[in-house]
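Below is one structure, written out as structure tokens; the observations come after it.
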Amino acid sequence: MSSDSAKPTGPDLRQGVALGDLADGGMLAGHVGDEPVLLARRGEEVFAIGAVCTHYSGPLAEGLLVGDTVRCPWHHACFSLRTGEAIRAPALKPVSCWRVERREGKIYVHEKQANPSPRPLSSPNLPRSVVIIGGGAAGNAAAETLRKEGYAGSITMLSADDSGPYDRPNLSKGFLAGSAEEDWIPLRSPDFYKEHGIDLRLATRVAAIEPANRKLRLTDASELAFDALLLAPGADPVRLDIKGGDLPHVHYLRTLADSRALVTKFPFVRRAVVIGASFIGLEVAASLRARNIAVDVVAPETIPMERILGPDAGNFIRQIHAEHGVKFHLGTTVVSITEQSAALENGENLEADLVVVGIGVRPLTSLAAQAGLSIDRGVAVNEYLETRAPGIFAAGDIARWPDRLTGESIRVEHFVVAERQGQTAAGNMLGAHERFDAVPFFWTEQYDLTIAYVGHAERWDKAEIDGSLAARDCAISYLRNGKKLAVATVGRDRESLEAEAAFERAIASQLV
Numbered sequence: 011m012s013s014d015s016a017k018p019t020g021p022d023l024r025q026g027v028a029l030g031d032l033a034d035g036g037m038l039a040g041h042v043g044d045e046p047v048l049l050a051r052r053g054e055e056v057f058a059i060g061a062v063c064t065h066y067s068g069p070l071a072e073g074l075l076v077g078d079t080v081r082c083p084w085h086h087a088c089f090s091l092r093t094g095e096a097i098r099a100p101a102l103k104p105v106s107c108w109r110v111e112r113r114e115g116k117i118y119v120h121e122k123q124a125n126p127s128p129r130p131l132s133s134p135n136l137p138r139s140v141v142i143i144g145g146g147a148a149g150n151a152a153a154e155t156l157r158k159e160g161y162a163g164s165i166t167m168l169s170a171d172d173s174g175p176y177d178r179p180n181l182s183k184g185f186l187a188g189s190a191e192e193d194w195i196p197l198r199s200p201d202f203y204k205e206h207g208i209d210l211r212l213a214t215r216v217a218a219i220e221p222a223n224r225k226l227r228l229t230d231a232s233e234l235a236f237d238a239l240l241l242a243p244g245a246d247p248v249r250l251d252i253k254g255g256d257l258p259h260v261h262y263l264r265t266l267a268d269s270r271a272l273v274t275k276f277p278f279v280r281r282a283v284v285i286g287a288s289f290i291g292l293e294v295a296a297s298l299r300a301r302n303i304a305v306d307v308v309a310p311e312t313i314p315m316e317r318i319l320g321p322d323a324g325n326f327i328r329q330i331h332a333e334h335g336v337k338f339h340l341g342t343t344v345v346s347i348t349e350q351s352a353a354l355e356n357g358e359n360l361e362a363d364l365v366v367v368g369i370g371v372r373p374l375t376s377l378a379a380q381a382g383l384s385i386d387r388g389v390a391v392n393e394y395l396e397t398r399a400p401g402i403f404a405a406g407d408i409a410r411w412p413d414r415l416t417g418e419s420i421r422v423e424h425f426v427v428a429e430r431q432g433q434t435a436a437g438n439m440l441g442a443h444e445r446f447d448a449v450p451f452f453w454t455e456q457y458d459l460t461i462a463y464v465g466h467a468e469r470w471d472k473a474e475i476d477g478s479l480a481a482r483d484c485a486i487s488y489l490r491n492g493k494k495l496a497v498a499t500v501g502r503d504r505e506s507l508e509a510e511a512a513f514e515r516a517i518a519s520q521l522v
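Now the structure itself:
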């Protein structure tokens, strides 16, 4: 979706607006012709950029200014006010940038300016070749960042997937529900990789990494040399180990092919059983209901999402699903599956034309372990996302890194985190020496409910609710020993951004 695709609102900025109408730190949504433009003021400087986020078309005027950047209220993408460049995922494409003139106490916006082209890097210390294992969020973001930073060396991306990099969150949300077309799913066109000199090899698997020799062995017996390597293979779904768990109507949802397979079956499905009340399981349940398929959710916990969001939010989510016709079977598990049913441990037997399993994922660490890298419930990396083997980095679902906010080593399985890690790892391959201190962020959409979550509270002892879940207007703070570690919001997008910025300030204060 284009950054300039929304219908323009506000004043025509070509006609000028009074400088006094734009306070320091303020933003104003307007337009130039048919194109929506955002005015933003920082001190005596005034900037004009495209007003619509290039990720999911969020309204930037409702976002937050941080320094000389603006952050999108929906999914926390970040853009430079000076250049329009997308400098933080999930947005990958820039917004337009416009020339601003101040005259006689007014601000006028004139012609659109070209986005800056990357300056070629030249240093004897740069890697001659970079290889990326994985074609997901982290791998794609790394490859794009390398080129955006002016790296001119060889980039090879090895993906086990049959499809090019795509928007994984949409697989269980809009695409599965039928509200998003498949052409929205790819992050880039195949031509993008060719035009940027990125050798994207699909359906390609690595057999072994040889750190000492700086080369990979592929499963087709070929070899590939590297100077710098990024491990970003992602994770695989945890599989059922029960009778009938391998029947054809039992599905997992991890890849675009998985989502396509489900969509193909929907016209023939009357009743579905979803195993697991995690985010993926509940998003699938909501998408199935959008297609008028009856849904039973089975999970061992007594309250959905209680461990992550707490009992109040968990019960609220359960209530919303129940209002949409979902039936819950909690505190039990599926013990066997037949072609038409699923038997539960508590003795219930549920009709099922389709079974979708969402019981977690396992990071793909076997290559790293074989290469002698440090494994700690993931691949252990330092604050720069580098493994103990120099020049070999890890990002995404497999990476466990030292998090300064919690003071612990953490691993996070979320798309935006993976993208941001790919960006940081790429910069560090080029000598940036930048710590990965991005605050984790994810969101979930279930029916018309959106929950945004910033921070990381793997363990917490108190959840404080400000506002009302029932009114869909609240912020929930998760604390451990009195320290705030995460914030979940409903209907408070700007407050989510403010929480993210506050966490960043807390991290930065540790450097003083």
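The numbering of the sequence shown is the working numbering, which starts it at 11 and goes up by one.
All C-beta atoms, glycine included, are put in the ideal place defined by N, C-alpha and C.
In this text the structure is predicted, and so the values were computed from the model without any measurement.
With contacts defined by Cβ atoms closer than 8 Å, Leu91 and Ile117 do not form a contacting pair.
Arg281 and Ile303 have their C-alpha atoms spaced approximately 6 Å apart. With respect to Pro412, Glu393 sits close: the two C-beta atoms are nearer than 8 Å. For Gln431, the uninterrupted alpha helix (DSSP H) run begins and ends at 425 to 439, by DSSP. With respect to the 8 Å criterion, Ala61 and Pro83 are not classified as neighbours on the basis of their beta carbons. The segment 73 to 142 contains, as complete beta strand (DSSP E) runs of 3+ residues, the segments 74 to 76, 79 to 81, 88 to 90, 96 to 98, 107 to 113, 116 to 123 (chain order).
With a threshold of 16 other beta carbon atoms within 10 Å, Ala33 falls short and is exposed.
Its chain contains His339, Thr342 as the residues whose beta carbon lies nearer than 8 Å to that of Glu358, once the 5 sequence neighbours on both sides are disregarded; these appear in chain order. Using a 10 angstroms sphere on the CB of Gly320, the tally of other CB atoms reaches 16 or more, which defines it as buried. The residue from His85, Lys103, Val260 with its alpha-carbon nearest to that of Thr64 is Lys103.
Cβ contact annotation for Gly324 (same chain, cutoff 7 Å, sequence separation greater than five): Ile313, Pro314, Met315, Glu316, in chain order. Secondary structure in the segment 331 to 364: the beta strand (DSSP E) runs of 3 residues or longer, each lying completely within the stretch, are 337 to 340, 344 to 347, 351 to 354, 359 to 361 in chain order. Cβ-Cβ separation between Leu364 and Val279: approximately 5 Å, consistent with a contact (criterion under 8 Å).
When Cβ pairs closer than 8 Å are counted between the two stretches, the segment 458 to 466 is seen to touch the segment 484 to 498, the count reaching three or more.
Taking a contact as a CB-CB distance under 8 Å, the pair Met37 and Leu49 counts as one, their CB atoms being some 7 Å apart. Beta-bridge partners of Arg227 (DSSP): Ala218, Glu233.
Assignment of Gly406 by DSSP, reduced to helix, strand and coil, places it in the helix class. Counting only the Cα atoms, Leu131 lies some 42 Å from Glu114. One alpha carbon belongs to Gln380, the other to Asp44, and they sit about 56 Å apart. Secondary structure note for Val248: it is in no alpha helix (DSSP H), with a DSSP letter that is neither H nor E. Residue pairing of Ala448 in beta bridges, as defined by DSSP: absent, with no partner found. By the C-beta criterion, the segment 325 to 333 is judged to be in contact with the segment 288 to 298, since at least 3 inter-stretch pairs fall below 8 Å. Per the DSSP secondary-structure output, Ser164 pairs in a beta bridge with Ser139. Contact between the segment 231 to 249 and the segment 143 to 151 is present: 3 or more CB-CB pairs across the two stretches fall below 8 Å. The beta-carbon distance between Leu257 and Glu349, rounded to whole angstroms, is 6 Å. This is short enough to meet the 8 Å contact definition.
Of all C-beta pairs linking the segment 282 to 291 to the segment 365 to 379, three or more are shorter than 8 Å, placing the two stretches in contact.
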